[in-house]
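Enquirer:
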Amino acid sequence: GEPWIKVNPNYIVINAEDQLKDRNSVFYYYKQLIALRKQYELICFGDFELLLPENKQIFAYRRFNGSQMIKVICNFTDKEAVYDSTEDQAYELLLANYDDKKTDGNLRPYEARVFIK
Numbered sequence: 040g041e042p043w044i045k046v047n048p049n050y051i052v053i054n055a056e057d058q059l060k061d062r063n064s065v066f067y068y069y070k071q072l073i074a075l076r077k078q079y080e081l082i083c084f085g086d087f088e089l090l091l092p093e094n095k096q097i098f099a100y101r102r103f104n105g106s107q108m109i110k111v112i113c114n115f116t117d118k119e120a121v122y123d124s125t126e127d128q129a130y131e132l133l134l135a136n137y138d139d140k141k142t143d144g145n146l147r148p149y150e151a152r153v154f155i156k
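Under our numbering, the first residue of the sequence shown carries the number 40, and numbering increases by one thereafter.
1) Specify, as a first and last residue, the run of the beta strand (DSSP E) that residue 88 falls within.
2) Would you call the CB atoms of residue 68 and residue 136 closer than 8 Å?
3) Across which residues does DSSP place residue 145 in a beta bridge pair?
4) If I measure Cβ to Cβ from residue 118 and keep anything under 8 Å in the same chain, skipping five residues before and after, which residues do I get?
5) Is the beta carbon of residue 101 closer than 8 Å to that of residue 132?
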């Protein structure tokens with residue numbers, strides 16, 4: 040049959056074969072996220088608290104249970120975003136999508152950080 044959806048012209052650059060060859064690809068990042076979900080029950084079943092609800096650039100929240108807390112901070116924009124990261128010093132950085140794993144209050148475009156305490 041004839042496909043009704045056209046192939047994106049960038050398939051030469053962005054494709055599954057290339058993702059599997061690159062350990063820093065989105066594919067492997069998602070594998071890490073899934074592994075965290077399996078390792079920490081509170082990601083699915085912990086209480087939820089939205090952080091920075093008025094911030095238009097940053098989506099941040101905490102999940103917690105009686106013994107652990109996970110904090111997720113994401114910048115879903117193409118501009119740098121700034122937040123007060125003082126509290127982050129009490130957490131351990133579990134996962135970040137930039138290689139240098141910064142933990143200051145400057146989130147680069149499309150940066151995401153996952154912390155645990």
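Glycine included, C-beta positions come from ideal geometry on N, C-alpha and C.
Expert: With the structure as the only source:
1) 86-90
2) yes
3) 121
4) 96 and 148
5) no
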